[in-house]
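Enquirer: Starting off with a structure, shown below.
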Amino acid sequence: HNVYSLKEGLPIFRVNTIAQLYECLAGHDALAIPHHTAYHPGRRGRDWSVYNEELSPFAELYSIHGCSETDEELIGLRQNSHMGPGQGGGTYQDALDLGYHIGAVCSTDNWGDMPGHYGNGRMACLARELTRESLWDAFKARRVYGVTGDRILIDFSVNDGVMGSIVRVRGKRVIRVKVVCSDALDRIEILRNGRVIDTYCHQGRWNLPGPGKRSRFKVRVEAGWGPRPNELDVPDRKWHGELTLEEGRILGVEPCWVSPGHGSPQWQGGRVKFDMVSSSSDLKERSQNANVFEFETGTDRRLKLRLNGLEEEATVADLASCSRILWYKDECVKMLHELTGLRPGSPEREDIYYIMSYLAKIHRVIPESGYSAEVVIEDDEPLKGETNYRVRVEQRNAQRAWSSPIWVRPEEVSQ
Numbered sequence: 216h217n218v219y220s221l222k223e224g225l226p227i228f229r230v231n232t233i234a235q236l237y238e239c240l241a242g243h244d245a246l247a248i249p250h251h252t253a254y255h256p257g258r259r260g261r262d263w264s265v266y267n268e269e270l271s272p273f274a275e276l277y278s279i280h281g282c283s284e285t286d287e288e289l290i291g292l293r294q295n296s297h298m299g300p301g302q303g304g305g306t307y308q309d310a311l312d313l314g315y316h317i318g319a320v321c322s323t324d325n326w327g328d329m330p331g332h333y334g335n336g337r338m339a340c341l342a343r344e345l346t347r348e349s350l351w352d353a354f355k356a357r358r359v360y361g362v363t364g365d366r367i368l369i370d371f372s373v374n375d376g377v378m379g380s381i382v383r384v385r386g387k388r389v390i391r392v393k394v395v396c397s398d399a400l401d402r403i404e405i406l407r408n409g410r411v412i413d414t415y416c417h418q419g420r421w422n423l424p425g426p427g428k429r430s431r432f433k434v435r436v437e438a439g440w441g442p443r444p445n446e447l448d449v450p451d452r453k454w455h456g457e458l459t460l461e462e463g464r465i466l467g468v469e470p471c472w473v474s475p476g477h478g479s480p481q482w483q484g485g486r487v488k489f490d491m492v493s494s495s496s497d498l499k500e501r502s503q504n505a506n507v508f509e510f511e512t513g514t515d516r517r518l519k520l521r522l523n524g525l526e527e528e529a530t531v532a533d534l535a536s537c538s539r540i541l542w543y544k545d546e547c548v549k550m551l552h553e554l555t556g557l558r559p560g561s562p563e564r565e566d567i568y569y570i571m572s573y574l575a576k577i578h579r580v581i582p583e584s585g586y587s588a589e590v591v592i593e594d595d596e597p598l599k600g601e602t603n604y605r606v607r608v609e610q611r612n613a614q615r616a617w618s619s620p621i622w623v624r625p626e627e628v629s630q
């Protein structure tokens, strides 16, 4: 468990069991958040026979360890050789099946130098304002959810109930889900008591806006690759870039970073400047970092990227049809000559100049119609008791999000 307190100065308690931890935290304004719950119960996994929903209003569903949603291995607990694999009994769904009111988050769950490490889990919080007290109120009310990496926005309600709430309902339930993704949306799943009752597939439901029509778009620029650890003695790679619109404006930048050291992107009007760093110091870690740029323009307008001396320019429509690669070949030829003595032009094949080269990728431009959607369904299945509904979202690039549930209790009909 990770323990948090509303105020500074919470004592450090030394305990051996969850029951002891709960006992120590009683009377304090504190939270104890279960992590990687689907490992062997009682052996770094969660034994749900001891649970306090006031002190543990939500649990970690996904992290650097993998996914604890179920034991079906959507993303299994296979990253830690000492603690895995995952199994049934301590999963997040097991807790819901026991009737617990427990929200879901994702988090990196490590002590590295990269808070918010892309791909290892991020927590979202629906708070009224960015203050400690407002965040705490949202934590206690389970107005939280989790994403693997991309900052997928979820607006989820059942009748008048918002995410994390417990509501009474008479008759049918109107379930509304609105998502705004960071890449093309693949599907939205709506679950009732752990079973998928509706799947909305977004593929084939959207088109690129026509010429002359101004719209919102997102594009991901990713940079890194290059020599792997122990291949060449090279420093971390620094990237300096500028994205420019022929016409329109930059709306925002989303970081997708796996290592520290980047500058804060600066934008004004239709231009944004950004710095990134990529590192190949860890064989197990990806070397690529990325930014997702949101902008507003027309499909017939041109977009230009300058990055470390190379340039790519095309219309938004062209960039939406196919991704592009920037290949730093000349730089690689020089690097290999200086570090290894490999003379330019001497290799029988030039594959070495691609394999060892730094690269950058301009992913496909995605229009707003491709990365956002709204789904409304009605569920008139008779309720046999308290029922929980929750949402799963997946993008085309396999990034995922999980909502916290909404619990519905049947309202008694007066005679």
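Residue numbers for the sequence shown follow the working numbering, so the first one is 216 and each next one is one higher. Every residue gets a Cβ at the ideal spot worked out from N, C-alpha and C, and that includes glycine.
Leaving aside the five residues before and after Glu627 along the sequence, list all residues of the same chain whose C-beta is less than 7 Å from its C-beta, in chain order.
Expert: Within the same chain, Glu627 has no close Cβ partners at all.
Enquirer: Helix or strand or just coil, what does DSSP make of Trp440?
Expert: strand
Enquirer: At 3 residues or longer, what runs of the beta strand (DSSP E) sit wholly inside the segment 513–590?
Expert: 517–522, 525–530, 539–542, 573–577
Enquirer: Would you kindly work out how many angstroms separate the C-alpha atoms of Arg407 and Ala532, rounded to a whole number?
Expert: 40 Å
Enquirer: Under the three-state reduction of DSSP, which class applies to Trp472: helix, strand or coil?
Expert: coil
Enquirer: Can we say the segment 499–513 touches the segment 438–457, given the rule of at least three CB pairs closer than 8 Å?
Expert: yes
Enquirer: Mind checking which residues open and close the beta strand (DSSP E) that includes Ile621?
Expert: 621–625
Enquirer: Helix, strand or coil: which one does DSSP assign to Ala342?
Expert: coil
Enquirer: Taking DSSP as the reference, what is the three-state secondary structure of Ser296?
Expert: coil
Enquirer: Would you verify that the beta carbon of Glu348 is, or is not, closer than 8 Å to some beta carbon of chain B?
Expert: Included in the structure is just one protein chain, with no chain B present.
Enquirer: What does a CB cutoff of less than 6 Å around Ile482 pick up in its chain, not counting 5 residues either side in sequence?
Expert: It should be pointed out that residue 482 corresponds to Trp in this sequence rather than to Ile. Cβ neighbours of Trp482 beyond the five flanking positions: Ile465.
Enquirer: State the start and end residues of the unbroken beta strand (DSSP E) segment that holds Asp401.
Expert: 400–407
Enquirer: Just list the residues that DSSP pairs Asp370 with in beta bridges.
Expert: Per DSSP, Lys393.
Enquirer: I'd like to check one pair, Phe273 with Val359: are the Cβ atoms closer than 8 Å?
Expert: When the beta-carbon positions are compared, Val359 and Phe273 come within less than 8 Å of each other.
Enquirer: Starting from Gln308, trace the alpha helix (DSSP H) in both directions and tell me its first and last residue.
Expert: 307–312
Enquirer: Kindly list the residues whose CB is nearer than 6 Å to the CB of Gly303, restricted to its own chain and excluding five residues on each side of it in sequence; keep chain order.
Expert: Counting only Cβ-Cβ distances below 6 Å, and skipping sequence neighbours, we find Asp286.
Enquirer: Would you kindly report the start and end of the unbroken alpha helix (DSSP H) that includes Asp413?
Expert: Unbroken run through Asp413 is the beta strand (DSSP E), 410–416; no alpha helix (DSSP H).
Enquirer: Given Asn217, which residues of its chain have a CB within under 7 Å of its CB, disregarding the five upstream and five downstream residues?
Expert: If we look at Asn217 and ignore the five residues flanking it on each side, its Cβ neighbours are Ile248, His250.
Enquirer: May I have the straight-line CA-CA distance separating Asp545 from Met571, to the nearest angstrom?
Expert: 12 Å
Enquirer: Please list the terminal residues of the continuous alpha helix (DSSP H) segment that includes Ser349.
Expert: 347–355
Enquirer: Please confirm if the segment 361–374 is in contact with the segment 545–562, defined as three or more CB-CB distances below 8 Å between the two stretches.
Expert: no
Enquirer: Any idea what DSSP makes of Ala234, helix, strand or coil?
Expert: Judged by DSSP in its simplified three-state form, Ala234 adopts helix.
Enquirer: According to DSSP, what are the bridge partners of Tyr604?
Expert: Arg407, Ile621
Enquirer: Helix, strand or coil for Leu221 per DSSP?
Expert: coil
Enquirer: Please state whether DSSP places Leu423 in a helix, a strand or coil.
Expert: Annotated three-state conformation of Leu423 is coil, per DSSP.
Enquirer: From Leu458 to Val411, what distance separates their C-alpha atoms?
Expert: 41 Å
Enquirer: Taking the straight line between their C-alpha atoms, what separation do you get for Arg558 and Thr530?
Expert: 38 Å
Enquirer: Taking the beta strand (DSSP E) that Tyr277 belongs to, which residues open and close that run?
Expert: 273–278
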